[in-house]
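Q: Sharing a structure, written as C-alpha cells. Questions coming.
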Amino acid sequence: MIPLTLRSSRPDSCKQTFAVTPSSIPARDFSNTGKLSSTVLQRGGLTFAEGVNMDRSGPLCVKSAEIKMSANDMERRRRRRSSSLMYQEPPESLEHQSDQKINPNLNAQWVNAKGAWVIHIVLILLLKIIYDIVPSMSQETSWTLTNISYMFGSYLMFHWVRGVPFEFNAGAYDNLNMWEQIDNGDQYTPAKKFLLAVPICLFLVSTHYTHYDLTYFMINFLATLAVVVPKLPALHRMRFAFFNYEPADYR
C-alpha cells in the first residue's frame with residue numbers, strides 16, 4: 001500500500017492523505033487522462049477526476065475556522081455594546097429586508113389611516129375629563145397628570161416596545177420599535193411631524209394652565225423631553241443600555 005499525500009497552500013491541518021493500492025485498481029485507458037508527473041500514479045491508474053473525491057464544500061478545518069471567526073466577531077460586538085451606555089442598532093441583513101417587503105407592516109401603517117391623528121386629541125381630552133372627575137384635584141395637577149399620562153403611553157407605544165404583534169414577516173421587525181417602523185424609517189414624513197408636534201403642543205398648553213409654576217413646569221418639561229428626544233433623527237436606531245434590552249444579533 002502506497003500512502004499519497006496531496007499538499008496545497010492550506011495549513012498543515014488541512015492536508016489530506018489517501019491510501020492507494022495499485023494491485024487493487026484495474027488497468028485503465030490513459031488516453032483521456034491529463035499528464036501526471038509521477039509514473040507510479042500512471043501505473044496505478046489513479047486520476048484526479050476519479051481517485052480523489054474531495055468535498056466540494058471545503059475541508060472541515062476551514063469550516064471550523066469560519067465558524068470560530070464568526071463566533072469571535074459576535075462576541076466582540078456583544079462586549080462592545082455592553083461596555084457602552086449607548087449603541088446603535090445594526091442594519092438589517094438582506095434576508096430581513098426581503099421579509100419586511102413581503103407584506104405591508106400592519107403595526108405601523110395605522111398612523112397614516114383616516115382618524116389616526118384625531119384619536120390623539122380624543123385621548124388627551126378623555127384623560128383630562130377623567131382627572132377632572134377626581135374630587136379635590138386642582139387644574140394644575142389635572143393638566144400635569146394629563147401630560148404625564150399621555151407622554152408615558154406615547155413612549156411605551158412608540159419607543160419601548162419592539163417588534164410586531166403579528167406573525168406575518170418572520171420576525172423582520174423584532175429589533176425595531178414602532179417609531180422606526182413608521183414610513184419605513186423615513187424622517188420628516190407628515191405622520192412623524194404630527195406625532196412630534198402633539199407632545200410639544202400639550203406641553204405648552206399644560207404650562208399655560210399651570211400658570212408657569214416652576215415645579216409643574218419642570219415635571220412637564222422632563223416628561224415631554226423623554227418623548228421628544230427619541231423622535232429626533234440624530235437618535236434614529238440608537239439605544240440607551242439602561243432603558244433597552246440587548247438586541248438579537250443577525251446571523
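Residue 103 in the working numbering sits at position 103 of the sequence shown, with consecutive numbering throughout. Ideal Cβ placement from N, Cα and C applies to all residues, glycine included.
(1) Who are the Cβ neighbours of residue 205 in its own chain at under 8 Å, not counting the five residues just before and after it?
(2) Where does residue 215 land, buried or exposed, given buried means 16+ other C-beta within 10 angstroms?
(3) Counting only the same chain and skipping the five closest in sequence on each side, list residues whose C-beta sits under 6 Å from that of residue 138.
(4) When you compare each of 121, 178 and 186 to residue 147 by their alpha carbons, which one comes out closest?
(5) Should residue 187 be labelled buried (16 or more other beta-carbon atoms within 10 Å of its own) or exposed?
(6) Can you tell which of 156, 128 and 207 has the C-alpha that lies nearest to the C-alpha of residue 227?
(7) Rank 231, 163 and 140 by C-alpha distance to the C-alpha of residue 151 and give the top, closest one.
(8) Looking at the unbroken alpha helix (DSSP H) that takes in residue 179, where does it start and where does it end?
(9) When we look at the beta-carbon of residue 212 and count the other beta-carbons within 10 Å, is it buried (16 or more) or exposed?
(10) Use the C-beta contact count for residue 218: other C-beta atoms within 10 angstroms, 16 or more gives buried, fewer gives exposed.
(11) Could you pull out every residue in the same chain whose Cβ sits closer than 7 Å to the Cβ of residue 233, ignoring the five residues on either side in sequence?
(12) Taking the alpha-carbon of residue 163 as reference, which of 154, 153 and 176 has the nearest alpha-carbon?
(13) With a threshold of 16 other CB atoms inside 10 Å of the CB of residue 136, please say whether the residue is buried or exposed.
(14) With the cut-off set at 9 Å, would you say residue 194 and residue 223 are in Cβ contact?
(15) Alpha carbon to alpha carbon, how far is residue 220 from residue 94?
A: According to the structure shown:
(1) 143
(2) exposed
(3) none
(4) 121
(5) exposed
(6) 156
(7) 231
(8) 178-181
(9) exposed
(10) exposed
(11) 187
(12) 176
(13) exposed
(14) no
(15) 42 Å
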